[in-house]
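Asker: Numbering (the working numbering), first residue to last: 1337 to 1601.
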Amino acid sequence: MNTLNKNRIDILLSKSVAEGRPVLSPFITIGYPDKQKSIDMGIAILKHGGDMLELGVPFSDPLADGPTIQKTSFKAIQNGINLSKCIDAASAIRNANSNAPLILMGYLNPFLHYGFERFASNASDAGIDGLIIPDVPAEEAQPYLEICDSKNINFIPLLAPTSTDSRIEQSCKNARGFIYCVSVTGITGARTNMSNNLQLLVSKIRKFTELPILVGFGISTKKHFQDVTQFADGAIIASAMLDAVNSAPTEDPVITVSKFIKGIK
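1) Could you name the residues of the same chain whose beta carbon sits closer than 6 Å to that of Leu1536, not counting the 5 residues immediately before and after it, in chain order?
2) First and last residue of the alpha helix (DSSP H) that includes Gly1466?
3) For the beta strand (DSSP E) holding Leu1389, just list the boundary residues, first then last.
4) Which residues does DSSP list as the beta-bridge partners of Phe1363?
5) Compare the C-alpha of Ile1413 against each of Phe1395, Val1353, Leu1534, Lys1601 and name the closest.
6) Sort Ser1457, Ile1464, Ile1469, Pro1473 by Cα distance to Leu1444 and report the nearest one.
7) Enumerate, from N- to C-terminal direction, the unbroken beta strand (DSSP E) stretches of 3 or more residues contained entirely within the region 1428-1473.
8) Got a sec? Which residues, its chain only, sit under 8 Å from Val1538 by beta carbon, not counting five neighbours each side?
9) Looking at Asp1370: is its Cβ nearer than 8 Å to the Cβ of Asn1415?
10) Here's a check: name, in chain order, each residue in its chain whose Cβ is nearer than 6 Å to the Cβ of Gly1513, leaving out the five neighbours to either side.
11) Applying the 10 Å Cβ sphere with the 16-neighbour rule, what's the burial state of Gly1356?
12) Can you tell which of Asp1563, Gly1599, Thr1586, Leu1438 has its C-alpha closest to the C-alpha of Ala1576?
13) Could you round the C-beta distance between Ala1426 and Leu1448 to whole angstroms and report it? I think they count as a contact, below 8 Å.
14) Going by C-alpha to C-alpha distance, which of Gln1478, Asn1431, Asp1387, Pro1473 sits closest to Asp1461?
15) Checking the sheet assignment: what are the DSSP bridge partners for Ile1515?
16) Could you please give the first and the last residue of the uninterrupted beta strand (DSSP E) stretch that includes Gly1570?
17) How would you label Asp1308, buried or exposed, when you count the other beta carbons within 10 angstroms and need 16 or more for buried?
18) Leaving out five residues on either side along the sequence, give the residues of the same chain with a beta carbon under 6 Å from the beta carbon of Cys1508.
19) Which one of Thr1586, Pro1437, Glu1453, Asp1563 has the shortest CA to CA distance from Leu1349?
20) If distances are taken between C-alpha atoms only, which option among Val1593, Gly1378, Phe1363 comes closest to Asn1433?
21) Once DSSP output is grouped into helix, strand and coil, what is the label at Phe1544?
22) Can you find the residues in the same chain that come closer than 6 Å, C-beta to C-beta, to Tyr1450, ignoring five residues on each side of it along the sequence?
23) Identify whether Phe1491 lies in helix, strand or coil by the three-state DSSP scheme.
24) Excluding the 5 residues flanking Gln1506 on each side, which residues of the same chain have their C-beta closer than 6 Å to its C-beta?
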């Protein structure tokens, strides 16, 4: 159970910000390439340099995701992965690592189908610390936020270059843990160039919150990580690492992600 008085995300980020040390938060899709391998990958990522871990809940219509995440999501669904099995996988990773924050990320529909209050209770028991739901806008977040608050789960907003000042202000007011800053408009995926406007966006968000800001969507190299963490508090990396797994079908994916994370940090 998530029995800490203070959420693990808050503990990690307050320490890392105080030390001036950027946070690396890798993302994997639960159930890709299969459930047990995704659990083993998650454990290895945290062992080899990942500070916290985002666990993707597969969904049949992932609107914000590029081809890599879509492919892993569809494979996970073929493997029979649902939200209940995602919670089980998170619990297995938590049993192997008591301190690293675990964050579930997924679209709203599976959570509603499962029952949101039931989800929050079971997620807390499994040791899940945060939740990101890309298709819940700030003005509709309050009921989910309150349920998450009651279970010590941080409800984390996404903000994009297209976000208006009023949307940023509303999202920051309701935010817990950190702000997920989307570095580019459009779908997720590894990119070779980062948006020049990213630093301006992070600066704008900082006017509305004292929470740490992590940048995601398109981080694919060590240089990207170093560049964005000059002005952000950390970065999320997903597609590039999963591309590496997909590009090395004969290699154990646990070895692939371990090497990848070591190469970023």
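Positions of the beta carbon are idealized from the N, C-alpha and C atoms, including for glycine.
Answerer: Reading from the atomic positions:
1) By one-based count along the sequence shown, residue 1536 stands at place 200. Within the same chain, Leu1536 has no close Cβ partners at all.
2) Position 130 of the sequence shown holds residue 1466. Note, Gly1466: premise wrong, no alpha helix (DSSP H); beta strand (DSSP E) at 1466-1468.
3) Start at 1 with the first residue of the sequence shown, and residue 1389 comes out as number 53. From DSSP, the beta strand (DSSP E) with Leu1389 extends over 1389-1392.
4) Taking the first residue of the sequence shown as 1, we reach residue 1363 at position 27. DSSP output for Phe1363 lists Glu1390 as bridge partner(s).
5) Looking up residue 1413 in the sequence shown gives position 77. Measuring from the Cα of Ile1413, the nearest candidate turns out to be Phe1395.
6) Working through the sequence shown from its first residue, we reach residue 1444 at position 108. Distance check between Leu1444 and each of Ser1457, Ile1464, Ile1469, Pro1473 places Ile1469 closest, using alpha-carbon atoms only.
7) With a minimum length of 3 residues, the continuous beta strand (DSSP E) runs that stay inside the region 1428-1473 are 1438-1441, 1466-1468.
8) Position 202 of the sequence shown, counted from the start, is the residue given in the question as residue 1538. Contacts found: Cys1517, Ile1549, Val1551, Phe1567, Ala1568.
9) Walking along the sequence shown from the start, residue 1370 turns up at place 34. Walking along the sequence shown from the start, residue 1415 turns up at place 79. For Asp1370 and Asn1415, yes; Cβs fall inside 8 Å.
10) Translated into positions along the sequence shown, residue 1513 becomes position 177. Ile1345, Gly1466, Asn1490, Ile1492.
11) Within the sequence shown, residue 1356 is the residue found at index 20, counting from 1. Gly1356 is exposed by the Cβ-count criterion.
12) One-based indexing of the sequence shown puts residue 1576 at position 240. Considering only Asp1563, Gly1599, Thr1586, Leu1438, the residue with the shortest C-alpha distance to Ala1576 is Gly1599.
13) Within the sequence shown, numbered from 1, the residue matching residue 1426 stands at position 90. Within the sequence shown, numbered from 1, the residue matching residue 1448 stands at position 112. So it is not a contact: roughly 19 Å between Cβ atoms.
14) In the sequence shown, the residue the question calls residue 1461 occupies position 125. Taking Asp1461 as reference, the option from Gln1478, Asn1431, Asp1387, Pro1473 with the minimal CA-CA separation is Asn1431.
15) Position 179 of the sequence shown, counting from 1, holds the residue named residue 1515. Ile1515 pairs with Ile1549.
16) One-based indexing of the sequence shown puts residue 1570 at position 234. For Gly1570, the enclosing beta strand (DSSP E) begins and ends at 1570-1573.
17) Because the chain here runs from 1337 to 1601, residue 1308 falls outside it and cannot be looked at.
18) One-based indexing of the sequence shown puts residue 1508 at position 172. The answer, listed in chain order, is Phe1544, Thr1545.
19) Numbered from 1 along the sequence shown, position 13 holds the residue referred to as residue 1349. Closest option to Leu1349, Cα to Cα, is Pro1437.
20) For the purposes of this step, residue 1433 is taken as the residue at position 97 of the sequence shown. Minimum Cα distance to Asn1433 is reached at Gly1378.
21) Residue mapping note: residue 1544 aligns to position 208 of the sequence shown, counting from 1. In the displayed model, Phe1544 falls within coil according to three-state DSSP, outside both helix and strand.
22) Position 114 of the sequence shown, counted from the first residue, corresponds to residue 1450. Around Tyr1450: Leu1419.
23) Start at 1 with the first residue of the sequence shown, and residue 1491 comes out as number 155. Taken through DSSP and simplified to helix, strand or coil, Phe1491 comes out as strand.
24) Taking the first residue of the sequence shown as position 1, residue 1506 is located at position 170. Excluding residues within five positions, the ones whose Cβ falls inside 6 Å are Ala1474.
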